[in-house]
Structures are given as structure tokens and as C-alpha cells.
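A.B. asks: Protein chains in written order, with the working numbering: chain A, 178 to 508; chain B, 178 to 508. We put the beta carbon where it would ideally sit given N, CA and C, even for glycine. Keep in mind it's a predicted model, so treat the numbers as computed, not measured.
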């Protein structure tokens, strides 16, 4: 997924801006304890798509565009918020890898596989604490509160998902509640909080929050699809892990609800034996892969509709392209 | 350890106040996600000594005493800070139990043993996020920053400890740096931040911070001693775990530095075979148990000296008693 497929001047500015965000991110994670410093430098490589920082920066710019101000005038506050969001996301990646016993992440070894689960758990905690510390440097009390609530919801989503692990009758509505909490709330916060910091009127804050939530949902569904149909070399992480750990993905949730008894039994057997190819054929046969794809596309479309509130402009156009890229990406 | 051994009027007030803190604590952890709610209710039982909330409340009172104000006038802000500190502590307990593969905590089953490591990791994250959320409700920017830094240091201490796991030549100075970061920084923050909220002059803030750090160190050394000599039924957690996991405790650090080659080999063998009784005899023979006890007592004494800055009064007297109780406790 290349979020910066556009060759516009704005895309170049965005790239430069993400460099600044990376700088804030790395600066916060420097530690006087050498062991901690070595670990956070390793984690630096997990920064892949920088989706959340991109959402923060572009949301700020979109608000400026909507107000007819010069684009790119929003200050370092948004860089900090962007780094904070990426740090929270990174913490969940590190802990997710422990939960999933994953050995690869973005083509490199995971912290848990290199240094053990204990270190990975503590490093995740360090990242969460660092994100709050960094956020507090802005001195905006409502922002700390919003960030605390967002992270709490994110953890609730992970716990809800764990509670339903191995539940082969997971309903679509529970599935959507899980991904809303564990993924969409954070992407929604990236856009909504950035808009608020940039001084947007309430209607734009709401519109951008909803845009962010919708692309978060689309992004997660696409992740589910890639876990089933993706190429491990391209995606850069161990695939088929979700299903193997009893974590039902949307194509399979839809498929199991549609399947007759024989198909259902075959599906459960394919899951049990980690037969990813067989599972894919079964899910495809009931049209569930296509159905899940539609749901992702629907969310991406809904995300773009929310942008109408902000009018037109280059940053808003880039946000719209991101919505499309979320569901067309192959990694 | 009974922190409220005094029968004074103030001890009764403190008990009442800790009830309020528990109420704030529980209120923050209520969740609309039933799975999360059930887990946090389980964790409620981990609240044992309530040492950190006690330090917060008494530090606030001590400052009022020192200013000649009526005691117990400090408001709900300190109750919130007390609940925040307890929540951070609780998060570390939940994650420590994952790291230690412990099955018992305060006489009850640990979350990891009941619900698996994954849920325990996420519950710990939920508690950290909730503590920051709760802290941010006070709307005090410097407090959010201080709490973020404290928690970051706490995690650094845990990582530093993990780095030295199995290091049989751990130096005393590294040992002290580990326990300072992982334990004393938080207890120091409880006292220092409470003092600041209560409007103390800078010298008192410093004195109370140092008091808190010193009793944190004493507390951790006493924990180390109890891991070796304590009674599992009284302590309420699986003992001998620290040594078994290659986590050197102070008596053993001192002992290994003192031991001749034969004793050293015997000691390593006792650690390898988890022979707690044999280990105790060896450590005792070099006087290292007594040496570690002295270090704990020394820290407790230093804690009391810092209280001189605040003069005399019932709350200050209780803080002094806590310093003594920290090293005389058997659980």
C-alpha cells in the first residue's frame, strides 16, 4: 500500500512532514537505559505505512483548506499528535505479536521472537507510557483525556476479541463491534482530534472522525482478506495466523453463517488443520470473500461521503485517495 | 503488613479515605463491554496493602499539617491521584504475573492462569490506559506529564531487569538502579505529586519525593527477602519465583559477590534445582541475608530522616510508622 501514489506537490510536502513526525517519534523513545534504547531502535523498523500519522497531518490540512487558509500552516502540535498515535499503534503491534506468537513483522523478526515474550510485553508497556508522556507535553488537558479514552477502548476491543476466540458462531455485529473498538476508534481519533487541534468547526470534527472510523473499519476488513488471500512475501508477516488462533475474520464469519452443515464441517476441519488453501476455496465458493470485499468497499465509500462536509481541495483529495487505497492495497 | 496498626483518629480517617479511593478506582474501571467488566472486577481483589494510595493521602495530609491547616482538608484530587497510582501498580502486577508465569496472587488465581496470557496482557494495557484516562480528568497538564514519565521509567526498570535475567554477576549498583526505576520512582511520585497538588513548598515536595523513593527501595528489598524466607501461605503468592526465573534478589547478589568458588558453585546449583531451603542456608552462612536486611533498614531510616523537613504531626507520624512497617512486614 503506497499512500503517497499521487505525485502532487502536497504528496511531497506530506512525505517531508512524515519525516518530522518520525523525528518526534524517535526523540521521545530515546532512553538513558541502553537496553531500552536498543529495543526502541529495533521497533523503529515497524513503522511501515504510517497510516495514522498521515491521517493526522492530512486532517489538519483539510481543515485549513476548508477555512481557505494556506495549507501546511498547522504547527508542530499535529506532528506530536501524529507521533503519539503511531506510538500507540506500535505498542499494539508489539503486544499483538506476543498474543499471536508471530515471528515476522514487516519482513523482520518480532521482538518476542528475538528477545522473548517478557521483553515484548514490557516494551509495549513502555511504548504506551511514552505515548501518554509525549501527548502530555502539548499541555492540552482535553487531548490527554481523549487519548486515554481511545486507548482504553482499543484495549476493550482486544479483550472482546479474545473472549470470542474459537467462537465459531461469532455474529457479524459482534465482529464489527470488535474491529470498531480495536482499530476504528484510533483512526477516528487521529482525524477528529487533529481537526479539533486545527480549530475546525464541530461539523467538520464530526465528519473527519467518521471518515477516520470508516477507513479504520475498511482497513481492518482488508487485513482480514489479506490474511486469507495475501502473499506472505508482500504482506510481510506470518499469514493465516488469525484463523489458526481461532480469531474469526469477516470472510469466514460470513461464510460460516451461509454454509450448509457439510460445508461447515469441512470449513472447521480446514481451520483445524491450518489448510489455508482449502479454506480459501470453501469461503470463495459461498461468495463470502466477495461479500467481505463489498463490506470493505462500502466503508471506504462511506468514508469519502463524510469528506463532502469539508468541500474540495488537494488535502481532501488525498484523504479520498487513501480511502480507495485502503481497500485496493495488497500489503 | 498492616499499615494501619495505629488506633489513632487519623488511622480511622485514613481507612475511610481509602474506601473513597477504592470507589474512584472501581468507577473508572467499569466498562460497557461485559468481558472487560468481569475482568476488572476480578482484579479488584488484587488491591491488597493499598500502599501507594496510602502514601498519596498521607503526603497530602502531612503538607497540611506542616502548614498548620486543618488535616483532611485536601480534596478529591488526591483521591483520584491515589486511584491512578494504584491502577498503574495493578497493571504491573498483572503483567508481572504473565512474565513470572505465576499462578497465585494475594491468595487468589492470577488472570493469566485463569484466562491465559493474552487476556492478561490486554488487561494490563487496559489498566495502564485507564490510569492515564483517570489522571487526565483532573485537567492538570504537569501531572499528566509527570505520570507519563514515571510510568515510562517503571517500564525501563522492568526491561533493565529482564536484560540482566540470568546474569549471575549482577552488581549491587545495577540491582539498585533496577529497583529504583521499577519500584521507587512510583512510590516517590505518589508522595511528591501529592505534596505538589496539596500546594507544598518546593523543599517539602523534594523531601516527600525522597521519602517515597526510599521506602520504595526498602519495600522492594523486603520483597526480595520474603521471596527467600517468606511463608507462601502468609505472603499469598508463589515464592522462590524470582530466583527460579534468573531474577537475582539482593541477598543473592550480595552473597554471590562474597562467596568463594565452592560456595558459588553450590549456590548456582541450588538456584538451578530450585532448592529454596538449600539456597537459604548458603546465603545465610555468608551473612548476606543479614546484610540485605541492613540495607532495607538503612533505606527505611533514610526515609524517616526526610520527614524532618515537615516537622511533627499525626500524619507525619503515620508516614514514619509506614517506613518501619515496610521492613518489619512478613507479607
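What is the C-beta distance between residue 315 of chain B and residue 425 of chain B, in whole angstroms, given that I count them as a contact (C-beta under 8 Å)?
C.D. replies: In fact, because the Cβ distance is near 39 Å, the residues do not count as touching under 8 Å.
A.B. asks: CA-CA distance, residue 178 of chain B and residue 427 of chain B?
C.D. replies: Low per-residue confidence applies at residue 178 of chain B: pLDDT is 48, beneath 50, and the placement is therefore not dependable enough to give any value.
A.B. asks: Near residue 501 of chain B, what residues of its chain come up, given a Cβ to Cβ distance below 7 Å and the 5 sequence neighbours on each side ignored?
C.D. replies: So the qualifying residues of the chain are 477.
A.B. asks: In three-state DSSP terms, what is residue 281 of chain A?
C.D. replies: If DSSP states are grouped into helix, strand and coil, residue 281 of chain A belongs with the strands.
A.B. asks: Taking the alpha-carbon positions, what's the residue 437 of chain B to residue 396 of chain B distance?
C.D. replies: Looking at the two C-alpha atoms, the distance is approximately 29 Å.
A.B. asks: Answer with yes or no whether the minimum CB distance from residue 270 of chain B to chain A is below 8 Å.
C.D. replies: Chain A, which has no Cβ nearer than 8 Å to the Cβ of residue 270 of chain B, makes this no.
A.B. asks: Is the CB of residue 370 of chain B under 8 Å away from at least one CB in chain A?
C.D. replies: For residue 370 of chain B, the answer is no, since every Cβ of chain A falls outside 8 Å of its Cβ.
A.B. asks: Quick one: Cα of residue 451 of chain B to Cα of residue 213 of chain A, how far?
C.D. replies: If you take the alpha carbons of residue 451 of chain B and residue 213 of chain A, they lie about 30 Å apart.
A.B. asks: State yes or no: is the beta carbon of residue 303 of chain A nearer than 8 Å to at least one beta carbon in chain B?
C.D. replies: At least one chain B Cβ lies under 8 Å of residue 303 of chain A.
A.B. asks: Determine, using beta carbons only, whether residue 337 of chain B and residue 317 of chain B come nearer to each other than 8 Å.
C.D. replies: Not a contact, by the Cβ cut-off of 8 Å.
A.B. asks: Using a Cβ cut-off of 8 Å, pull out every chain B residue sitting near residue 336 of chain A, in sequence order please.
C.D. replies: By Cβ distance, chain B contributes 210, 212, 213, 216, 296, 299, 300, 303.
A.B. asks: For chain A, check one thing: does any of its Cβ atoms lie closer than 8 Å to the Cβ of residue 252 of chain B?
C.D. replies: Not one chain A Cβ lies under 8 Å of residue 252 of chain B.
A.B. asks: At the 8 Å Cβ level, is residue 390 of chain B part of the contact set with chain A, yes or no?
C.D. replies: Not an interface residue.
A.B. asks: With a threshold of 8 Å between beta-carbons, can residue 396 of chain A be considered close to chain B, or not?
C.D. replies: Chain B contact via Cβ: absent.
A.B. asks: Give the interface partners of residue 490 of chain A over in chain B, defined as CB-CB distance under 9 Å, in chain order.
C.D. replies: None at all; the shortest Cβ gap to chain B is about 33 Å.
A.B. asks: Pairing CB atoms from the segment 187-197 of chain B with CB atoms from the segment 266-278 of chain A, are three or more of them under 8 Å?
C.D. replies: Not touching, per the Cβ criterion.
A.B. asks: Using the DSSP secondary-structure output, state which residues sit across from residue 286 of chain A in a beta bridge.
C.D. replies: Bridge partners of residue 286 of chain A: A:281.
A.B. asks: When the Cα atoms are used, what is the spatial distance from residue 391 of chain A to residue 313 of chain A?
C.D. replies: About 28 Å.
A.B. asks: Could you work out which residues of chain B lie near residue 257 of chain A, taking near to mean beta carbons separated by less than 7 Å?
C.D. replies: None at all; the shortest Cβ gap to chain B is about 13 Å.
A.B. asks: Relative to the C-alpha of residue 219 of chain B, which candidate in B:284, B:191, B:229, B:246 has its C-alpha closest?
C.D. replies: If we check each option's Cα against that of residue 219 of chain B, B:284 comes out closest.
A.B. asks: Apart from the five residues just before and just after residue 401 of chain A, which ones in its own chain have a Cβ nearer than 6 Å to its Cβ?
C.D. replies: These residues qualify, in order along the chain: 426, 427.
A.B. asks: Does chain A have any CB closer than 8 Å to the CB of residue 344 of chain B?
C.D. replies: Output row for residue 344 of chain B: interface = no.
A.B. asks: With three or more C-beta pairs closer than 8 Å as the rule, is the segment 293-302 of chain B touching the segment 296-314 of chain A?
C.D. replies: The segment 296-314 of chain A vs the segment 293-302 of chain B: in contact.
A.B. asks: Distance check for residue 429 of chain A and residue 365 of chain B, CA to CA, integer angstroms please.
C.D. replies: Taking the straight line from one Cα to the other gives about 51 Å.
A.B. asks: Ordered along the chain, which non-local residues of its own chain (more than five positions away) have a Cβ less than 8 Å from that of residue 352 of chain A?
C.D. replies: Once the five neighbours on either side are set aside, the close Cβ partners of residue 352 of chain A are 425, 427, 430.
A.B. asks: Tell me whether the beta-carbon of residue 237 of chain A lies closer than 8 Å to the beta-carbon of residue 374 of chain A.
C.D. replies: Yes; because the gap between Cβ atoms is below 8 Å, this pair is in contact.
A.B. asks: Between the alpha carbons of residue 266 of chain B and residue 306 of chain B, how many angstroms are there, rounded?
C.D. replies: If I take the Cα positions, the gap works out to 13 Å.
A.B. asks: Does any C-beta atom of chain B lie closer than 8 Å to the C-beta of residue 365 of chain A?
C.D. replies: Not one chain B Cβ lies under 8 Å of residue 365 of chain A.
A.B. asks: Should residue 252 of chain A go down as buried or exposed, given a rule of 16 or more other Cβ atoms within 10 Å for buried?
C.D. replies: So residue 252 of chain A counts as exposed.
A.B. asks: So is residue 266 of chain A in contact with chain B if we call contact Cβ pairs under 8 Å?
C.D. replies: By this cut-off, residue 266 of chain A is not an interface position.
A.B. asks: Taking 7 Å as the limit between beta carbons, can you name the residues of its chain near residue 503 of chain A, skipping five residues before and five after?
C.D. replies: For residue 503 of chain A, where only same-chain residues beyond five positions count, the Cβ hits under 7 Å are 392, 395, 396, 399, 477.
A.B. asks: CA-CA distance, residue 257 of chain B and residue 457 of chain A?
C.D. replies: Using only the alpha carbons, I get a separation of about 52 Å.
A.B. asks: Quick one: what's got a C-beta closer than 6 Å to residue 440 of chain A's C-beta in the same chain, skipping five residues either side?
C.D. replies: Excluding positions up to five away in sequence, the list is empty.
A.B. asks: So, at 6 Å on beta carbons, what are the nonlocal neighbours of residue 369 of chain A in its own chain, with the 5 sequence-adjacent residues on each side left out?
C.D. replies: The answer, listed in chain order, is 382, 385, 386.
A.B. asks: What is the DSSP secondary structure of residue 367 of chain B, counted as helix, strand or coil?
C.D. replies: Correct three-state label for residue 367 of chain B: helix.
A.B. asks: Determine the DSSP secondary structure at residue 207 of chain B, reduced to helix, strand or coil.
C.D. replies: Coil.
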